[in-house]
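Report on one structure; see the data block that follows.
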Amino acid sequence: MLEVWKWANLTLAFVMELVTFAVLALWGWKTANATALKLVLAVGMPLLAALAWGLFAAPNASFDYPLLAVATKVVVFGSAAVGLWAMGYRSAAVVFVVVLVANLLMIRLGHLTV
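When we follow the working numbering, the leftmost residue of the sequence shown carries the number 151, and every step to the right adds one.
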């Protein structure tokens, strides 16, 4: 049962990462007025976040520095939460942060017990 719980939490973490990239794209699209800038931000923001994630926060990151991994996660997930808030989706921003923190705590506790 512990293994199922662990995989469920890791799956939720992955879903939260995908939601983060989608929110960043939506925020980029809604932030700008000109269509060209909308496209640049809608593609660029999640692309930069994914690049930073791959370099510093992914399980097999290119640079294995725990402090940098935490900082990257805070900036990327925090940007998504701020984006939701700024777009007027305040309840979604709060739910996003609560689910994210609970998920990260469960993953951390799971690694301590396994």
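For every residue, glycine included, the Cβ atom is placed at its ideal position computed from N, Cα and C.
{"Check": "Helix or strand or just coil, what does DSSP make of S241?", "Outcome": "helix"}
{"Check": "Between the segment 229-242 and the segment 201-221, can you find at least three pairs of beta-carbon atoms closer than 8 Å?", "Outcome": "no"}
{"Check": "For the alpha helix (DSSP H) that contains W157, what are its first and last residues?", "Outcome": "L152 to T181"}
{"Check": "Is the beta carbon of A186 closer than 8 Å to that of F206?", "Outcome": "no"}
{"Check": "Between which residues of its own chain and K156 is the CB-CB distance below 6 Å, once the five residues before and five after are set aside?", "Outcome": "G260"}
{"Check": "Kindly indicate which residue of V154, T170 and A163 has the alpha-carbon position closest to the one of A228.", "Outcome": "The displayed chain sequence assigns Gly, not Ala, to residue 228. Comparing Cα positions, the closest option is T170."}
{"Check": "Can you list, in chain order, the stretches of the alpha helix (DSSP H) that have 4 or more residues and sit fully within the segment 207-259?", "Outcome": "216-236"}
{"Check": "Note down, in chain order, each residue of its chain lying with its Cβ closer than 6 Å to the Cβ of T222, except the 5 sequence neighbours on either side.", "Outcome": "A202, F206 and A207"}
{"Check": "Just to confirm my understanding: we take L174, look at its own chain, exclude 5 residues before and 5 after, and list those with CB closer than 7 Å. What are they?", "Outcome": "M195, P196, A199, S229, A230 and G233"}
{"Check": "Under a three-way DSSP split, which group does V190 fall into?", "Outcome": "helix"}
{"Check": "What does the Cβ neighbour count give for G238, buried or exposed, with the cut at 16 atoms within 10 Å?", "Outcome": "exposed"}
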